[in-house]
Amino acid sequence: MAPVLMPLENRMSHPAASLSARCAAIGSWRLHPGHAMSLSPKKTAVLRIFCGQVWVTLGGPYEGALNEQGDRFLGPGDVLAVPAGARLVMEPVAAPGDTGPVHFDWSDAAASAAPSRFAREVVSPTRELGAALGQAGVATARVLRGLLGYSEYLTAGRGRVLGPYEAGHW
Numbered sequence: 001m002a003p004v005l006m007p008l009e010n011r012m013s014h015p016a017a018s019l020s021a022r023c024a025a026i027g028s029w030r031l032h033p034g035h036a037m038s039l040s041p042k043k044t045a046v047l048r049i050f051c052g053q054v055w056v057t058l059g060g061p062y063e064g065a066l067n068e069q070g071d072r073f074l075g076p077g078d079v080l081a082v083p084a085g086a087r088l089v090m091e092p093v094a095a096p097g098d099t100g101p102v103h104f105d106w107s108d109a110a111a112s113a114a115p116s117r118f119a120r121e122v123v124s125p126t127r128e129l130g131a132a133l134g135q136a137g138v139a140t141a142r143v144l145r146g147l148l149g150y151s152e153y154l155t156a157g158r159g160r161v162l163g164p165y166e167a168g169h170w
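If you count the sequence shown from 1, position 66 lands on 66 in the UniProt record's numbering, and the numbers rise without skipping.
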């Protein structure tokens with residue numbers, strides 16, 4: 001069976017025309033029953049199943065306990081981390097008469113890692129504060145430069161020597 005990897009789905013069309021009886025995640029990849037797919041990540045990757053079931057065979061290098069090696073069955077909501085250099089082969093497990101594809105996502109593990117609580121609640125606001133203080137410093141410097149440009153108008157006489165009548169000495 002030849003591997004089939006269909007392009008990302010476009011779900012911007014009319015919902016009644018594009019939705020099938022099967023669930024489908026927007027932007028997911030599809031693998032139809034009767035086809036198999038082999039994937040070999042160069043970096044640690046994550047396989048997420050959105051809809052349908054797959055039979056996954058994971059070839060080395062293995063990480064973790066011995067019972068985490070080999071064949072697995074994954075269903076909707078299941079996530080499998082695939083180590084760099086491993087070979088993953090997956091095939092849909094379909095009920096008789098089911099012709100709908102399996103919907104899944106294959107992404108880099110580093111890109112899908114959620115930021116920690118400390119990163120969300122401390123590091124990010126600290127960066128925002130630093131950027132805001134930098135912008136405030138730039139704005140202050142621009143105001144001072146603008147005021148210095150008007151210094152001749154802010155001093156009495158506007159940059160020229162005042163006569164006795166203009167200075168109020170008569």
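Where is the CB? At the ideal position from N, CA and C, for every residue including glycine. Source: prediction; values computed, not measured.
* Excluding the five sequence neighbours on either side, which residues of its own chain have a C-beta within less than 7 Å of the C-beta of Ser28, listed in chain order? -> Glu9, Phe50, His103, Phe104, Asp105
* **Under the three-state DSSP convention, the category residue 190 falls into** => An answer regarding residue 190 cannot be provided, because it is not within the stretch 1 to 170 covered by the chain.
* To do: Would you tell me roughly how many angstroms separate the C-alpha atoms of Leu129 and Thr140, rounded to the nearest one?
  => 16 Å
* To do: Give the range of the beta strand (DSSP E) segment to which Ser38 is assigned.
  => 37-39
* Asked: For the candidate residues Val79, Leu74, Met37, Pro101, whose alpha-carbon lies nearest to that of Ala45?
  -> Val79
* Spell out a yes or no on whether the region 30-45 and the region 80-92 are touching, meaning 3 or more CB-CB pairs, one atom from each, closer than 8 Å. => yes
* Are there 16 or more other CB atoms within 10 angstroms of the CB of Arg142, so buried, or fewer, so exposed? -> exposed
* Opposing strand residues paired with Leu74 [DSSP bridges] -> Val54
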